[in-house]
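For reference, the structure discussed in these notes is given below.
Numbering (UniProt numbering), first residue to last: 1 to 648.
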């Protein structure tokens with residue numbers, strides 16, 4: 001069932017064309033991502049679909065019975081009610097049914113009704129139908145659903161009576177998302193829903209959306225999130241939209257392969273065109289060959305020659321260097337207590353940072369990650385404990401709120417005031433690396449978008465040439481391409497990194513250590529984000545098994561130890577197998593779609609006449625089927641191994 005169809009959609013702002021001939025389709029249970037650069041038109045397209053913005057021409061078809069829910073990028077819930085009362089407004093129809101049920105129950109309990117058999121029968125019939133409708137609509141579980149979603153969004157029973165007017169902007173956004181999820185629209189449209197969410201909440205949202213009954217259309221710059229949730233990607237680029245089947249990583253692979261194929265096809269056509277032009281030029285004037293030249297000229301004029309494929313749009317291009325190297329011991333934190341305005345947030349924090357470490361600081365919102373960074377750079381005083389800085393340590397700090405930027409200065413002046421001895425040409429060259437060119441450099445900072453401010457802050461950071469970079473959410477406000485450029489720059493950076501990020505893909509690429517911060521201390525994991533999750537889960541399982549073995553006093557210590565070790569290894573292998581099976585199933589689904597497309601193309605009469613194209617398609621089809629067979633074999637072997645583990 002199609003829940004959304006967009007046909008030949010056009011949208012312009014004054015003389016700027018934003019969307020040109022856009023086609024998009026969403027089926028029931030589809031998980032669709034819109035990706036593209038900041039300013040490409042993703043949010044505009046979502047607003048048009050949601051009916052909040054007009055368009056120039058085209059068709060948007062949504063069936064009458066399809067309910068659409070839309071969450072804007074910076075939408076915070078505005079209400080004078082408490083959290084619980086606001087959430088309950090979603091269920092007003094159910095609560096009205098429940099009230100009617102109670103009213104009918106009171107009627108049935110009235111002894112006088114028994115004496116009127118027809119009245120009693122009518123009430124019973126009405127009650128049965130109403131109870132059936134109430135149950136089908138989720139009447140007996142809506143409060144449990146509400147508590148579950150609120151818990152996932154980090155609102156707990158002790159928060160339910162809080163007034164929404166007392167919540168922060170991030171909390172209001174999370175509550176707006178919770179309310180939208182509970183309303184269960186047939187088409188769920190989300191614009192950057194991962195903003196303001198910590199890693200724990202992100203993981204919960206991923207699992208919730210995987211099991212969501214309706215269709216989802218989503219804009220997000222969180223690549224890990226997109227890989228987990230979506231199965232179709234539409235790229236918005238240069239006013240057009242292109243469809244790719246698969247998750248975000250598959251979209252990148254297919255896009256790169258398509259571009260490489262198109263470049264080769266274009267070059268081959270250009271060679272053919274050049275040969276025709278050369279033949280015509282040499283032979284058109286000769287009487288003996290003029291007819292052949294005229295024939296070639298007709299072929300040249302009739303052929304629809306391919307335009308040069310568009311490469312990627314211009315990306316930022318920069319790298320981080322250091323002025324001088326630090327000592328091997330960069331930073332030591334011992335028994336640190338942090339907080340602000342007389343309020344303690346976290347205590348007993350211990351941290352050792354050595355040269356060329358890449359340390360990711362993780363933990364739930366409000367645990368003090370940003371506060372710890374500000375304490376290390378001396379923006380906040382430490383409450384107790386000790387911070388020791390190593391030899392020649394120079395700190396460069398990136399603030400997620402860009403509070404270090406001066407709002408009334410121009411982009412050019414912001415850098416020039418910090419480095420007054422540089423000439424204007426060199427400052428402009430640096431800004432050009434971060435996509436500020438021409439009149440962009442004269443813009444006042446307070447007129448910049450979030451992404452532009454982030455790039456300007458990174459430009460300042462690059463020019464400092466510090467050997468210890470302390471970064472607070474450096475990927476916030478950056479589009480996907482800018483994130484990848486930043487990652488590459490940090491991978492090549494010869495200094496030391498300490499950073500806070502909720503971007504799990506970014507942590508996986510950059511981090512060599514993960515430090516988890518809690519209210520009562522810190523714990524270090526030697527690896528990337530995936531290792532941190534796996535190791536943390538293992539430690540939790542081990543703790544549970546040890547708790548069980550303590551209660552089984554009849555077992556000998558040696559038996560307990562060996563059994564615990566075997567169970568631990570088996571559980572670890574089971575998790576690995578399940579993850580691999582899940583990945584194989586995703587790859588198989590993508591291959592099925594690709595095979596289906598090629599087989600449909602081979603049935604096309606126009607393509608069937610082109611023997612060279614048929615041969616290329618058949619070769620590609622054979623390769624895909626071979627790969628599909630290998631995956632099926634691997635899937636069967638892993639399932640057999642999984643079955644043997646679970647039976648033990």
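Even for Gly, the Cβ is constructed at its ideal location relative to N, Cα and C.
This one's a predicted model, so the numbers in the text were calculated from it and none came from an experiment.
In terms of residue numbering, what span does the alpha helix (DSSP H) encompassing residue i cover?
i: residue 375; result: 369–376
i: residue 286; result: Element bounds for residue 286: n/a, residue is neither H nor E.
i: residue 98; result: 92–108
i: residue 223; result: 223–229
i: residue 604; result: Residue 604 -> no alpha helix (DSSP H), and no H or E assigned at all.
i: residue 125; result: 117–136
i: residue 407; result: First-last for residue 407: undefined, no H or E at that position.
i: residue 460; result: 450–464
i: residue 176; result: 169–183
i: residue 86; result: 83–88
Strictly under 9 Å for the Cβ-Cβ distance: is residue i near chain C by that measure?
i: residue 246; result: Of the protein chains in the structure, only one exists, and it is not chain C.
What's the C-alpha gap between residue i and residue j?
i: residue 19; j: residue 91; result: 38 Å
i: residue 39; j: residue 481; result: 13 Å
i: residue 206; j: residue 592; result: 24 Å
i: residue 9; j: residue 49; result: 10 Å
i: residue 256; j: residue 321; result: 30 Å
i: residue 416; j: residue 409; result: 10 Å
i: residue 492; j: residue 69; result: 43 Å
i: residue 633; j: residue 581; result: 11 Å
i: residue 103; j: residue 210; result: 39 Å
i: residue 559; j: residue 575; result: Per-residue confidence for residue 559 stands at a pLDDT of 48, beneath the threshold of 50, marking its modelled position as unreliable; no derived number is given.
i: residue 269; j: residue 296; result: 15 Å
i: residue 128; j: residue 52; result: 41 Å
i: residue 64; j: residue 137; result: 20 Å
i: residue 203; j: residue 505; result: 13 Å
i: residue 561; j: residue 540; result: Residue placement at residue 561 cannot be trusted, given a pLDDT of 47 that sits under 50; the coordinates are not used to answer.
i: residue 181; j: residue 149; result: 8 Å
i: residue 31; j: residue 309; result: 29 Å
i: residue 606; j: residue 613; result: 10 Å
i: residue 531; j: residue 420; result: 45 Å
i: residue 341; j: residue 172; result: 24 Å
i: residue 383; j: residue 402; result: 25 Å
How about residue i and residue j: do their beta carbons lie closer than 9 Å?
i: residue 2; j: residue 27; result: yes
i: residue 459; j: residue 266; result: no
i: residue 241; j: residue 45; result: yes
i: residue 248; j: residue 35; result: yes
i: residue 95; j: residue 479; result: no
i: residue 197; j: residue 477; result: no
i: residue 457; j: residue 536; result: no
i: residue 363; j: residue 518; result: yes
i: residue 176; j: residue 71; result: yes
i: residue 135; j: residue 123; result: no
i: residue 445; j: residue 411; result: yes
i: residue 474; j: residue 434; result: no
i: residue 510; j: residue 526; result: no
As a quick exercise: from the options, pick the residue whose alpha carbon is nearest that of residue i.
i: residue 597; options: 349, 387, 625 and 152; result: 625
i: residue 307; options: 345, 290, 262 and 328; result: 262
i: residue 7; options: 42, 57 and 41; result: 57
i: residue 66; options: 80, 21, 22 and 186; result: 186
i: residue 639; options: 355, 579 and 164; result: 579
i: residue 464; options: 333, 522 and 418; result: 418
i: residue 331; options: 588, 635, 393 and 252; result: 393
i: residue 397; options: 41, 385 and 374; result: 374
Contact defined as beta carbons within less than 8 Å: I believe residue i pairs with residue j. What is the distance between those atoms, to the nearest angstrom?
i: residue 441; j: residue 376; result: So it is not a contact: roughly 32 Å between Cβ atoms.
i: residue 359; j: residue 349; result: The Cβ separation is near 13 Å, so there is no contact.
i: residue 216; j: residue 160; result: Going by Cβ atoms, the distance from residue 216 to residue 160 rounds to 27 Å, so no, they are not a contact pair.
i: residue 512; j: residue 357; result: 6 Å
i: residue 327; j: residue 406; result: The pair is not a contact, with the Cβ atoms about 34 Å apart (cut-off 8 Å).
i: residue 43; j: residue 222; result: That pair is no contact at about 16 Å.
i: residue 220; j: residue 33; result: 7 Å
What residue does the beta strand (DSSP E) around residue i start on, and which one ends it?
i: residue 490; result: Careful: residue 490 lies outside any beta strand (DSSP E), inside the alpha helix (DSSP H) at 480–491.
i: residue 215; result: 215–219
i: residue 499; result: 496–500
i: residue 307; result: Element bounds for residue 307: n/a, residue is neither H nor E.
i: residue 340; result: 329–340
i: residue 320; result: Counting along the chain, residue 320 falls outside any beta strand (DSSP E), and DSSP gives it neither H nor E.
i: residue 151; result: Counting along the chain, residue 151 falls outside any beta strand (DSSP E), though it belongs to the alpha helix (DSSP H) covering 142–152.
i: residue 427; result: No beta strand (DSSP E) contains residue 427, which is instead part of the alpha helix (DSSP H) from 424–433.
Going by the C-beta, is residue i closer than 8 Å to any heavy atom of the ligand FMN?
i: residue 181; result: Of the ligands one can find in the structure shown there are none, so the ligand FMN has no counterpart to examine.
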